[in-house]
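Residue numbers (my numbering): 28 to 355. The C-beta atom is built at its ideal place from N, Cα and C for all residues, glycine as well. See below for the structure under consideration.
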Ligand code: 13P
């Protein structure tokens, strides 16, 4: 457990964040297709290689979450990606859920699959250097949803996953994402996020998961994307911290944010406002995918002549988010 605590602490220390580069093949292909980038394993390798070989990313990143395909890939010099990251002082992690499926009998709701054979899969990831894992559950807000059943079932699965991950020597990142889609108010998002986090932590406690060796990955508390009343970053920050104070035990090793479909600028601004609220019981940081990668992909567009400019775009987002962690 000491090693797990150390990894968990390191992931949220020194004003560094975590890059989520664990998009499934389908998701990565969807993002490539939108920009006219060829959807092949080689292009996904080149793109991840562009991210991981960017100079000085170790100043900004404590960890990178990889996908099964990516942890098996190598850079142009034949160095496995996980090894390349470790050499930069960045801890490799691995997404271990297998995506969402419809929750039977609950229209509009999803549960996350991937518990089958999880302990065996984890063994494969330890040797290449992965020391933490991620599992994402989604909670949608809409007419009559989320149901208690959906929150309970996703929480039960998250706790089972976290318990298996710790037994296998990995820090679990537990990610119950309350989706931004919909016309709901920020008050509704706060109520749902609080209920979700309370249920998740009750399930983790029941399962005996060691919270000092666990990271929570949370959405920020935001008005729905289609809500006519959009609020400013200060209100987002206050609602988010109030929600955590009402639901997250103080011994959790840290909380990191997903970006969830916010623009890169909005995610960074909201993060800075959250940090400006001052010291909290848990270290806070970012673990963005889209808010770090959108400008990179748009600059690269699958063209090797754009690699350097794309890496500059990546460094810019990293620099701004690290600044946000200082409240600026
Ligand atoms: P976004 O930052 O794009 O929401 O992705 C974070 C993530 O890891 C989702 O599982």
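Beta-carbon contacts of residue i that lie in its chain and below 6 Å, excluding the five residues immediately before and after
i	result
residue 182	226, 227, 230
residue 260	296, 297, 300
residue 192	160, 199
residue 270	217, 220, 221, 248
Collapsed DSSP secondary structure at residue i in the structure displayed
i	result
residue 117	coil
residue 129	strand
residue 159	strand
residue 64	coil
residue 79	helix
residue 42	coil
residue 174	coil
residue 93	strand
residue 106	coil
residue 85	helix
residue 55	helix
residue 165	strand
residue 48	coil
Cβ shell of residue i (< 7 Å), same chain only, five flanking positions each side left out
i	result
residue 66	56, 59, 60
residue 34	118, 158, 159, 198
residue 326	333, 336, 337, 340
Minimum Cβ-Cβ distance from residue i to chain D less than 9 Å
i	result
residue 156	Absent here is chain D; the protein component of the structure consists of one chain.
Cβ neighbours of residue i in the same chain (closer than 8 Å, five flanking residues each side left out)
i	result
residue 349	42, 43, 44, 86, 87
Handout entry: Stretch-stretch touch, CB-based, cutoff 8 Å, three pairs: the region 224-237 with the region 295-315
Key = no
Problem - Entirely enclosed beta strand (DSSP E) segments - the region 223-268, minimum 3 residues - result: 242-245
Problem - Check your reading: residues with Cβ closer than 5 Å to the ligand 13P heavy atoms - result: Listed by position along the chain, the residues with Cβ atoms less than 5 Å from a non-hydrogen atom of the ligand 13P are 47, 163, 285, 286, 287, 315, 316, 317.
Practice task
Specify whether the region 169-188 and the region 131-142 touch according to this definition: at least 3 beta carbon pairs, one from each stretch, less than 8 Å apart.
Solution key: yes
Handout entry: beta strand (DSSP E) runs contained entirely in the region 186-210, provided each spans 3 or more residues
Key = 198-205
Handout entry: Within the region 272-324, ranges of the beta strand (DSSP E) (whole runs, at least 3 residues)
Key = 281-284, 311-313
Handout entry: Contact between the region 151-160 and the region 108-121 (3+ Cβ pairs under 8 Å)
Key = Result yes; three or more Cβ-Cβ pairs closer than 8 Å.
Practice task
Indicate whether the contact test is met: 3 or more Cβ pairs, each with one atom in the region 74-82 and one in the region 336-345, closer than 8 Å.
Solution key: yes
Exercise for the section: Mind the definition here: the region 93-110 touches the region 324-335 only if three or more C-beta pairs lie below 8 Å; say whether that holds. Expected result: no
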